[in-house]
Amino acid sequence: MRPLFHPSLVNGRYGDPAVYVDTLFEKRSLMFDLGDIAALSPRKAHRIDQIFVSHTHIDHFVGFDQLLRLLVGREKMVQLHGPAGLAERVYHKLQGYCWDLVETYACDLVFIVNEFNPPRAATRTQFRLKTGFAPEPAPANMARDGALHSEPTFRVSAAMLEHHTSCLGFALQEAAHVNIWKNRLLERGLPVGAWLKSLKSAVAEGRSDDHPIHVAGPAGASPRVEPLGSLRDVLTVTPGQKIGYVTDVADTPANRAAIIALVAHADILFIEAAFVQGDAALARERAHLTTTAAGEIARAAGVRRIEPFHFSPRYVGEEERLLREMMAAFEESHG
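Under numbering that gives the first Met the number 0, residues 0 to 334 are what the sequence shown spells out, in order.
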């Protein structure tokens with residue numbers, strides 16, 4: 000089964016960090032970080048409804064103004080997720096403009112900012128165009144099981160990492176793929192119909208075997224109720240795709256442990272590799288990873304594919320060198 004998510008670097012390996020995650024069969028997309036997004040088409044930008052911000056250094060958040068310009072005048076709600084202080088920075092960006100006659104607009108643009116600040120509870124703030132983007136406290140909506148954000152089709156988890164400021168790493172986990180075998184339905188005398196959607200959802204959400212499933216029969220017939228456990232033989236479950244995103248982190252034992260736990264067994268890991276190994280001292284001074292550190296972390300986490308980015312501009316024209324160093328560390332024990 001094809002994965003739901005299709006990620007890509009907006010600005011290549013040297014430009015501002017920004018990963019655009021398109022979705023299959025859905026008119027929506029996600030972003031990891033919001034650096035310069037001039038290379039992103041307006042059509043793609045209009046699809047964005049979830050943004051996960053590692054931290055608000057300018058190269059990770061300057062694209063907010065570009066996105067704002069594209070969305071004003073459209074009926075839209077965008078959620079931003081990031082570390083403590085994100086709501087205040089969004090507020091000051093929004094108040095940097097004079098909002099005239101906004102109460103007369105036919106459409107409203109809403110930003111909901113969720114701050115991840117363990118071990119304290121998350122905070123949530125809403126900003127609406129029609130109120131001139133005045134801040135409105137909103138009930139926190141932390142997802143279950145420690146996830147930063149959760150929907151039936153996916154969840155995003157975060158880890159607090161250390162840069163020269165608090166910085167978040169993210170893991171996007173697609174829900175398991177549930178495949179219904181029609182021949183098994185036929186053998187069981189079960190109908191094909193809309194009820195199968197609720198069966199798939201119950202499995203993807205991890206419901207218990209006694210969870211009731213309403214099996215709809217022919218038109219006019221009363222549906223019968225079956226426990227989920229009795230229907231597991233008509234389906235198979237395969238893991239969904241996992242995507243990791245890590246940037247601007249110091250190479251410390253604590254950071255390594257947190258990153259490895261967060262992105263373990265990811266299908267794709269987007270990870271910074273700012274400096275070559277020969278400049279490890281400079282990487283430590285600036286709290287970034289080297290190519291070798293990025294490869295070692297990805298190898299230890301057991302990821303399937305590594306996508307390095309955030310290369311320092313000092314290495315322009317040397318992309319192959321950085322890739323070789325990183326892959327040498329990543330493949331050290333993969334032979």
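The C-beta atom is built at its ideal place from N, Cα and C for all residues, glycine as well.
Reference residue i, options the options, closest by Cα
{"i": "residue 24", "options": "152, 58, 298, 288", "result": "152"}
{"i": "residue 186", "options": "205, 148, 176, 233", "result": "233"}
{"i": "residue 58", "options": "49, 13, 106, 7", "result": "13"}
{"i": "residue 150", "options": "273, 193, 29, 195", "result": "29"}
{"i": "residue 3", "options": "10, 9, 22, 15", "result": "22"}
{"i": "residue 138", "options": "122, 316, 9", "result": "122"}
{"i": "residue 170", "options": "241, 330, 176, 52", "result": "241"}
{"i": "residue 86", "options": "73, 133, 103", "result": "133"}
{"i": "residue 125", "options": "51, 89, 154, 10", "result": "89"}
{"i": "residue 164", "options": "46, 66, 83", "result": "83"}
{"i": "residue 108", "options": "129, 96, 99", "result": "129"}
{"i": "residue 330", "options": "178, 76, 298, 46", "result": "298"}
{"i": "residue 75", "options": "104, 159, 183", "result": "104"}
Reduced DSSP category for residue i - H, G, I as helix; E, B as strand; rest coil
{"i": "residue 150", "result": "strand"}
{"i": "residue 173", "result": "strand"}
{"i": "residue 334", "result": "For residue 334, the predicted model reports a pLDDT of 46, less than 50, meaning its position is unreliable and no value from the coordinates is stated."}
{"i": "residue 236", "result": "strand"}
{"i": "residue 200", "result": "helix"}
{"i": "residue 40", "result": "coil"}
{"i": "residue 14", "result": "coil"}
{"i": "residue 45", "result": "helix"}
{"i": "residue 94", "result": "coil"}
{"i": "residue 257", "result": "helix"}
{"i": "residue 277", "result": "helix"}
{"i": "residue 207", "result": "coil"}
{"i": "residue 55", "result": "coil"}
{"i": "residue 128", "result": "helix"}
{"i": "residue 9", "result": "coil"}
{"i": "residue 214", "result": "strand"}
{"i": "residue 223", "result": "strand"}
{"i": "residue 289", "result": "strand"}
One or two residues paired with residue i in a DSSP bridge
{"i": "residue 284", "result": "DSSP, once it has assigned bridges, lists no residue as partnering residue 284."}
{"i": "residue 178", "result": "235"}
{"i": "residue 156", "result": "170"}
{"i": "residue 22", "result": "4"}
{"i": "residue 229", "result": "DSSP output for residue 229 lists no bridge partner at all."}
{"i": "residue 244", "result": "169, 269"}
{"i": "residue 136", "result": "124"}
{"i": "residue 112", "result": "79, 124"}
{"i": "residue 161", "result": "165"}
Cβ pair residue i, residue j closer than 8 Å
{"i": "residue 33", "j": "residue 19", "result": "no"}
{"i": "residue 270", "j": "residue 245", "result": "yes"}
{"i": "residue 56", "j": "residue 247", "result": "yes"}
{"i": "residue 302", "j": "residue 243", "result": "yes"}
{"i": "residue 115", "j": "residue 147", "result": "yes"}
{"i": "residue 328", "j": "residue 295", "result": "yes"}
{"i": "residue 273", "j": "residue 280", "result": "no"}
{"i": "residue 293", "j": "residue 307", "result": "yes"}
{"i": "residue 261", "j": "residue 156", "result": "yes"}
Cβ-heavy atom distance, residue i to the ligand GTP, below 7 Å
{"i": "residue 49", "result": "As far as ligands go, the structure on display features none, and thus does not contain the ligand GTP."}
Short CB-CB distance (under 8 Å) between residue i and chain B
{"i": "residue 282", "result": "Protein chains in the displayed structure number just one, and chain B is not present."}
Give, in chain order, every unbroken run of the alpha helix (DSSP H) that is at least 4 residues long and sits entirely within the segment 295–333. 318–329
Entirely enclosed alpha helix (DSSP H) segments - the segment 59–90, minimum 4 residues: 62–70
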